[in-house]
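See structure below.
In this note's numbering, the protein residues as written are 543 to 1120.
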């Protein structure tokens, strides 16, 4: 990948003491170099600022956010806010009566997140107001750039003063990027961006940039191209009928979340697809393949935009819904009495599926078992690093514990909709007739009585970073340089083994005493770059059966970490090339 330097005035020499190998690179030209005080560095810092405007209905401050959950008392009603969607509950109470004085009281202590992502504990209203006074006023221009974002992860290479690579840093959030760029601005880090980098605009479209000049121009062009919604009215004044009508009609929308009369109806309606057509006709594609037709209309009131849905059969959708948030790919609807719908835009949905279309879709790429629940038991760990491949001749293959298993597959058209039938010898948990409940561009949801499975698409060669990792692993034989499990160093248990990652997804471990241990491997991107390893129940190496997060990679070293649900590191595995 192309690398252009971000040059602060001096380098952090401490990196030199912790890296054994360095890679010679060509020093940058003066035009490529970016000093700590440059325009691009400032633009990157401002793009990664924490946006504090989403919760202005609570704190009335754009430069800080209230960390959730938080309890507030709104006009005498206690509300626990544990997600962004709950801001609408505050708005609903405020809008219940036109002639009352609206009041919101925060239950302290709370945690505040500042624009630089620093967290501060606030114990009372006076302390909060002291911070609020430091913010720029409502609707006034600020440094925060909200109309464009970085698509993560992005990587930086760390250099010493001789222009030698001594470390690689992967950044996966605005918080991490902001802290990293602040170190660049302070002259603590001597680094380069690994281009290309993808930027996401406010309308959801993306722009790929290949050097510093393109990145600076892209951010400058986009930074004032949208309404940053820095007022305190929770989006209401930003809606127009034309904007809402146009957005609804652009693409199909999928039901992501739904509550009716305080009851969650996700099991009943999640993944239903809605198509808003000209002339006020709305079509709903149910999970069982049924097509339901109704009407839709919109209007604007002093309290914001509303959309009215009417169906003869879908009575749970038949309401006039208050539109309390519009994003480029999401619309959130709300009415009093515990009613909520969250719709996500999906332009790739085909409303009239056929057996041939589904078969063509399945044979395009490989598929990875991401979720598998059979009779209430989670079985997906049996398929770590083992992609399915559906072939046009109706054969299906999967590598399990190093062994390649072949079978057959078919698409059936049933009264309930379409189903995927799989026959794989010795794999009873997959060998079922699965009803296709959702067919998305990158994943498939399947159900069979009490069994559920989700397949995610994996296209080899479709991701430059994944291809780089695959090429690195294929290039030689590897050994375990470190294995730390819950702070226990177990490296000495693996010093004798050689690990060979083969192009066909097989991994062979040479044991000088007991022969060959077979396993499977797969590199892919899912919430960051990952390396999935599966050695079945083979002694010692079964401990490596994880979907590891790749935290650092070079041509001779790859560092993997396993994180708990709370984000703490449970295991670390470092492989080095022999």
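We put the CB at the ideal spot given by N, CA and C, even for glycine.
Proximal residues to residue i (C-beta, below 7 Å), its chain only, five neighbours per side dropped
i, result
"residue 566", "Unreliable positioning characterises residue 566 in this predicted model, as indicated by a pLDDT of 44, which lies under 50. A coordinate reading is not provided."
"residue 561", "Summary for residue 561: the model assigns pLDDT 40, below 50, so the residue's position carries little reliability; its value from the coordinates is reported in the next sentence. Closer than 7 Å at Cβ, skipping near neighbours: 708 and 709."
"residue 922", "911, 912, 913 and 914"
"residue 952", "936 and 963"
"residue 918", "992"
"residue 837", "822, 823, 824 and 852"
Residue i versus the options, residue with shortest Cα-Cα distance
i, options, result
"residue 1055", "1037, 996 and 599", "1037"
"residue 622", "643, 649, 587 and 985", "649"
"residue 789", "886, 607 and 1117", "886"
"residue 1024", "715, 1115, 823 and 663", "1115"
"residue 785", "1089, 965, 868 and 955", "868"
"residue 690", "750, 730, 634 and 729", "750"
"residue 724", "667, 589 and 805", "589"
"residue 1001", "877, 931, 829 and 661", "931"
"residue 579", "755, 890, 644 and 727", "727"
"residue 756", "837, 735 and 800", "735"
"residue 851", "808, 816 and 730", "816"
"residue 516", "906, 881, 989 and 748", "Limits of the chain in this structure are 543 at one end and 1120 at the other, which puts residue 516 out of reach."
"residue 740", "848, 753 and 730", "753"
"residue 701", "1008, 731 and 900", "731"
"residue 718", "669, 658 and 945", "658"
"residue 1083", "842, 1008 and 1061", "1061"
"residue 854", "891, 843 and 824", "824"
"residue 843", "835, 831 and 865", "865"
"residue 714", "699, 695, 722 and 783", "695"
"residue 938", "625, 906 and 920", "906"
"residue 699", "733, 1088 and 974", "733"
"residue 1099", "625, 928 and 1013", "1013"
"residue 1087", "893, 924 and 903", "924"
"residue 1015", "985, 617 and 1050", "1050"
Other residues of its chain near residue i: CB distance less than 6 Å, five sequence neighbours each side excluded
i, result
"residue 1094", "710 and 1101"
"residue 661", "653 and 655"
Residue i burial status per 10 Å Cβ neighbour count (16 or more: buried)
i, result
"residue 948", "exposed"
"residue 1044", "exposed"
"residue 898", "exposed"
"residue 1047", "buried"
"residue 604", "buried"
"residue 857", "exposed"
"residue 829", "buried"
"residue 926", "buried"
"residue 697", "buried"
"residue 950", "exposed"
"residue 805", "exposed"
"residue 956", "exposed"
"residue 1080", "buried"
"residue 929", "buried"
"residue 841", "exposed"
"residue 818", "buried"
"residue 612", "buried"
"residue 1113", "buried"
"residue 583", "buried"
C-beta contact flag for residue i and residue j at 8 Å
i, j, result
"residue 1063", "residue 1071", "no"
"residue 996", "residue 987", "yes"
"residue 1011", "residue 1065", "yes"
"residue 878", "residue 634", "yes"
"residue 793", "residue 888", "yes"
"residue 654", "residue 685", "no"
"residue 958", "residue 900", "no"
"residue 821", "residue 839", "no"
"residue 587", "residue 720", "yes"
"residue 1092", "residue 1073", "yes"
"residue 1027", "residue 1085", "yes"
"residue 651", "residue 664", "yes"
"residue 758", "residue 581", "yes"
Contacting residues, own chain, Cβ-Cβ under 8 Å from residue i (five flanking each side not counted)
i, result
"residue 882", "627, 630, 799, 800, 801, 874, 875 and 876"
"residue 803", "879, 880 and 881"
"residue 1120", "1018, 1019, 1020, 1021 and 1040"
"residue 607", "592, 593, 594, 596, 597, 601, 654 and 655"
"residue 814", "796, 797, 826, 827, 828 and 829"
"residue 748", "693, 740, 741 and 742"
- prompt: Whole alpha helix (DSSP H) runs in the region 673–749 with 4 or more residues, listed along the chain?
  reply: 716–727
query: At which residue ranges does the region 958–1043 contain complete beta strand (DSSP E) runs of 3 or more residues, listed in the order of the chain?
result: 959–966, 975–981, 985–990, 993–1000, 1019–1027 and 1040–1043
- request: Mind listing, in chain order, the continuous beta strand (DSSP E) runs of no fewer than 3 residues lying wholly within the region 846–889?
  value: 846–853, 861–868, 872–877 and 881–887
message: So within the region 591–667, which uninterrupted beta strand (DSSP E) runs reach at least 3 residues, ignoring any that extend past its ends?
response: 606–608, 612–616, 619–623, 646–648, 652–656 and 661–664
query: Fully enclosed by the region 1071–1102, which beta strand (DSSP E) runs are 3 residues long or longer?
result: 1071–1076 and 1089–1095
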